[in-house]
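Enquirer: Numbering (my numbering), first residue to last: 16 to 374. From the three backbone atoms N, C-alpha and C, an ideal C-beta is built for every residue, glycine too.
Have a look at this one:
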């Protein structure tokens with residue numbers, strides 16, 4: 016065989032192997048297990064459903080995604096899920112973050128920029144429930160709007176991917192109630208509600224209290240509201256610990272709990288409170304492994320992002336789709352950290368925030 020023929024053969028063989036591997040990878044994509052809700056845009060009733068991921072889009076649709084922030088790895092993981100799924104399907108993705116829950120005007124401007132692009136669909140993780148809903152109802156636009164993670168009004172909503180924040184809290188409450196049933200020694204809990212502007216977050220507190228029914232938890236102290244900023248959360252935590260030295264548990268978001276690990280180590284208390292996060296992050300994964308955190312809920316953030324892209328593309332392609340879905344909420348402890356849950360929850364360590372995907 017001459018050199019030219021040999022070169023052709025190697026190129027042919029390499030291409031054939033690449034095609035075979037691509038087909039094998041496509042065939043091993045697992046169906047996504049979700050909660051599909053009826054009636055739509057409520058959380059009370061749902062049934063388990065399986066969604067087969069679509070493999071490609073018929074055209075490079077323009078999707079615009081808006082996040083409240085990427086200050087912690089929760090939204091970073093949602094971003095990764097969207098980016099990876101957009102790349103798989105061959106669609107365009109433009110993303111922006113508002114910089115925090117107090118930046119309503121900035122997110123509104125970003126939404127206008129999505130319309131000016133123009134986007135074929137907008138995937139919105141809102142910074143504020145009530146204020147943004149009233150504006151959206153006055154918006155004269157036919158661009159389909161999809162809610163992502165944070166709740167939105169059902170008016171004008173094409174679809175939604177999210178979970179019940181009440182259930183996120185309820186699972187925390189039940190976890191504590193099972194550890195401390197009625198009749199056992201009384202327990203004192205401090206709860207950090209996070210940003211005040213996002214009304215959906217207040218549902219976490221309601222869920223915690225309802226989940227604690229029939230338990231020995233004698234007191235739940237609500238700490239101050241504050242944005243998911245490390246300095247803000249640290250100040251709230253220090254104020255609480257200065258006033259209460261007899262806490263058994265501290266419950267809050269992942270940012271607060273990460274700060275609490277170091278703050279409690281610094282204070283060297285005789286009996287430091289145990290820590291629980293109502294949502295998940297890379298920091299919570301490491302803390303669970305090291306035994307620094309007792310429990311954390313995951314609502315599978317990477318899967319959130321994948322589902323949001325899949326849902327929007329299905330709608331744009333005129334395919335049947337589940338309008339109101341969300342991943343299963345899983346309560347994680349040190350002995351329940353499976354590779355699959357990690358893959359569906361956390362972005363790879365090397366992933367950086369990505370704001371543009373071109374097909």
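For residue 338, I'd like the list of residues in its chain whose CB is within less than 6 Å of its CB, leaving aside the five on either flank, ordered along the chain.
Expert: 55 and 174
Enquirer: Quick check: the Cα distance between residue 241 and residue 218, rounded to an integer number of angstroms?
Expert: 16 Å
Enquirer: Give me whichever residues DSSP pairs with residue 312 in a beta bridge.
Expert: 346
Enquirer: With a threshold of 16 other CB atoms inside 10 Å of the CB of residue 363, please say whether the residue is buried or exposed.
Expert: exposed
Enquirer: DSSP on residue 161, reduced to helix/strand/coil?
Expert: strand
Enquirer: CA-CA distance, residue 293 and residue 136?
Expert: Distance between the alpha carbons of residue 293 and residue 136: 30 Å.
Enquirer: What do you get for residue 322, buried or exposed, if any count of 16 or more other CB atoms within 10 angstroms of its CB means buried?
Expert: buried
Enquirer: Candidates 234, 180 and 194: which alpha carbon is nearest residue 206's?
Expert: 234
Enquirer: Let's see if you can read the secondary structure: which residues bound the beta strand (DSSP E) around residue 82?
Expert: First-last of the beta strand (DSSP E) with residue 82: 77 to 82.
Enquirer: What are the residues that DSSP puts in a beta bridge with residue 54?
Expert: Note: residue 54 sits in no beta bridge, so no partner.
Enquirer: Under the three-state reduction of DSSP, which class applies to residue 15: helix, strand or coil?
Expert: Here the chain covers residues 16 to 374 and nothing more, so residue 15 does not appear.
Enquirer: What does the Cβ neighbour count give for residue 109, buried or exposed, with the cut at 16 atoms within 10 Å?
Expert: buried
Enquirer: Using only the alpha-carbon positions, how far apart do residue 34 and residue 155 sit?
Expert: Confidence at residue 34 is low in this model, with a pLDDT of 38, below 50, so the placement of that residue should be treated as unreliable; the coordinate-derived value is given next. Each residue's Cα considered, the two are about 46 Å apart.
Enquirer: Check whether the Cβ atoms of residue 262 and residue 288 sit closer than 9 Å, and answer yes or no.
Expert: yes
Enquirer: Could you compute how far the alpha carbon of residue 72 sits from the alpha carbon of residue 180?
Expert: 32 Å
Enquirer: Considering Cα atoms alone, identify which of 139, 121 and 92 is closest to residue 313.
Expert: 92
Enquirer: For the beta strand (DSSP E) that contains residue 110, what are its first and last residues?
Expert: 107 to 112
Enquirer: According to the neighbour-count rule (16 or more other Cβ atoms, all chains shown, within 10 Å of its Cβ), is residue 36 buried or exposed?
Expert: Its pLDDT being 38, under 50, residue 36 is placed unreliably in this model, and the value from its coordinates should be taken loosely. Exposed, because fewer than 16 other Cβ atoms sit within 10 Å of the Cβ of residue 36.
Enquirer: Using the rule of at least 16 other Cβ atoms within 10 Å of the residue's Cβ for burial, across every protein chain shown, is residue 141 buried or exposed?
Expert: buried
Enquirer: So, residue 361 versus residue 310, is the Cβ gap smaller than 9 Å?
Expert: no
Enquirer: Residue ranges of each beta strand (DSSP E) run of no fewer than 3 residues wholly in the region 265 to 316, ordered along the chain?
Expert: 289 to 292 and 310 to 313
Enquirer: Pull up the CB-CB distance for residue 290 and residue 275, whole angstroms please, since I reckon it's below 8 Å.
Expert: The C-beta distance from residue 290 to residue 275 rounds to 6 Å, short enough to fall under 8 Å.
Enquirer: What are the start and end residues of the alpha helix (DSSP H) that includes residue 247?
Expert: 245 to 258
Enquirer: Helix, strand or coil, according to DSSP, for residue 149 in the structure here?
Expert: In the structure shown, residue 149 sits in a helix (DSSP, three-state: H, G or I).
Enquirer: Going by C-alpha to C-alpha distance, which of 50, 60, 52 and 68 sits closest to residue 334?
Expert: 68
Enquirer: With distances taken between CB atoms, is the gap from residue 119 to residue 158 smaller than 9 Å?
Expert: In this structure, residue 158 does not lie closer than 9 Å to residue 119 by Cβ.
Enquirer: Who are residue 175's beta bridge partners in DSSP?
Expert: 162 and 339
Enquirer: Going by Cα to Cα distance, which pick from 244, 45, 62 and 57 is closest to residue 51?
Expert: 62
Enquirer: In this structure, does DSSP put residue 223 in helix, strand or coil?
Expert: helix
Enquirer: CA-CA distance, residue 116 and residue 86?
Expert: Whole-angstrom Cα-Cα distance: 11 Å.
Enquirer: Among 172, 83 and 316, which residue has its Cα nearest to the Cα of residue 343?
Expert: 316
Enquirer: Taking 6 Å as the limit between beta carbons, can you name the residues of its chain near residue 265, skipping five residues before and five after?
Expert: 205, 275, 288 and 290
Enquirer: Please say whether residue 66 and residue 340 have beta carbons closer to each other than 9 Å?
Expert: The answer is yes: Cβ separation under 9 Å.
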